[in-house]
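Numbering (the numbering used here), first residue to last: 3 to 385.
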């Protein structure tokens, strides 16, 4: 049996004991939608089943069925061992103003820093619409396993995935639960914005200590991956981050931001729009979309939304900031819904190459550049 470890943050309400919960539910924390809990969990899973999924043939996508792996690990997550980082803070005063506050976020950041000093990058993962707690854990662990076993990865570069899970009710009726989850995603954006501010303050503290002759910076990177409606949550998080950032620019927190099947308007990345400042928080941004994505059809037509970014890509790709590249995954996605392809095969491998610092035009990538635009790519079927 494999013991799979996962760091997480959530604004869901806990089930059972607060410090050792059985899991998390479908509602916000009892202390409010912006209340955050930080923790670490361990899931036991069968090595044989993991290997079977990692080696599975997924047709045009190539090798590695991360979606099946996610489903399997979600069942294993039902018996996960969960430990919450304890906190001692007053609810009446901002935590930054409390000299003796004990913060769960700080404890987790310290643990992650130790991993980063051992050559590990960190990838923060925000899931999408209609996802229960166990499914979120399964998706995060599948993402980590797939990226760690990518055939073209840099073997000297480790990776730790950190899950942010927001209250997604997982209802069986998408036309009902979609509106509920979109409301909860907007509310959860403030919680993610708070988490980003905590990361910013922690990194600034490390930088200042290093400049004063203290602990040297490790040189590893932090990345962000948002799936589907998780990108709508990111929109709201950036608004909160901007409200509490000095000057007119956002802090650069990430090396690479991955926007996977984003359930956003197709002009969201343009200047003056909701994600128009995303280039400020990262060195590079990559958008993955699929023209046959059934979930985007649901968002387009049954909810009255405009064309979706995750369906056809950016409305005006030539107007995007030069940090932003978009990848059409349509030729390699063949499953029924075509919505979680970032977990599998060549698309997952493409994400790993970016984490490892490979250039957008690196020969290891299975993609071709659009003849007219330097920032537009199309995934290619493996030979």
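No residue lacks a Cβ here, since even glycine has one placed at the ideal position from N, Cα and C.
Bear in mind the structure is a predicted one, so any value in this text is a computation, not a measurement.
Length of the line joining the Cα atoms of residue i and residue j
i, j, result
"residue 121", "residue 156", "11 Å"
"residue 136", "residue 194", "20 Å"
"residue 293", "residue 343", "12 Å"
"residue 58", "residue 67", "6 Å"
"residue 77", "residue 46", "10 Å"
"residue 230", "residue 24", "27 Å"
"residue 123", "residue 249", "29 Å"
"residue 271", "residue 316", "7 Å"
"residue 377", "residue 331", "14 Å"
"residue 32", "residue 203", "26 Å"
"residue 348", "residue 211", "41 Å"
"residue 312", "residue 325", "18 Å"
"residue 355", "residue 54", "23 Å"
Boundaries (first-last residue) of the beta strand (DSSP E) holding residue i
i, result
"residue 123", "122–128"
"residue 228", "224–229"
"residue 29", "25–30"
"residue 290", "284–291"
Candidates the options, of which the one nearest residue i by Cα
i, options, result
"residue 106", "124, 86, 133", "86"
"residue 111", "142, 144, 164, 80", "164"
"residue 127", "200, 148, 147, 167", "167"
"residue 298", "328, 109, 130, 375", "130"
"residue 267", "260, 259, 320, 314", "314"
"residue 233", "280, 42, 364", "280"
"residue 240", "271, 277, 350, 50", "277"
"residue 310", "296, 322, 320, 321", "296"
"residue 1", "329, 27, 372", "Residue 1 cannot be examined here, being either before or after the span of the chain that is shown, 3 to 385."
"residue 84", "328, 162, 18, 114", "18"
"residue 358", "334, 222, 322, 341", "222"
"residue 43", "138, 263, 319", "138"
Per-residue burial, residue i [other beta carbons within 10 Å of its own, 16 or more giving buried]
i, result
"residue 206", "exposed"
"residue 69", "buried"
"residue 3", "exposed"
"residue 81", "exposed"
"residue 199", "buried"
"residue 6", "buried"
Continuous alpha helix (DSSP H) stretch holding residue i: start and end
i, result
"residue 10", "No alpha helix (DSSP H) contains residue 10, which is instead part of the beta strand (DSSP E) from 4–12."
"residue 51", "49–57"
"residue 220", "No alpha helix (DSSP H) contains residue 220, which DSSP labels as neither H nor E."
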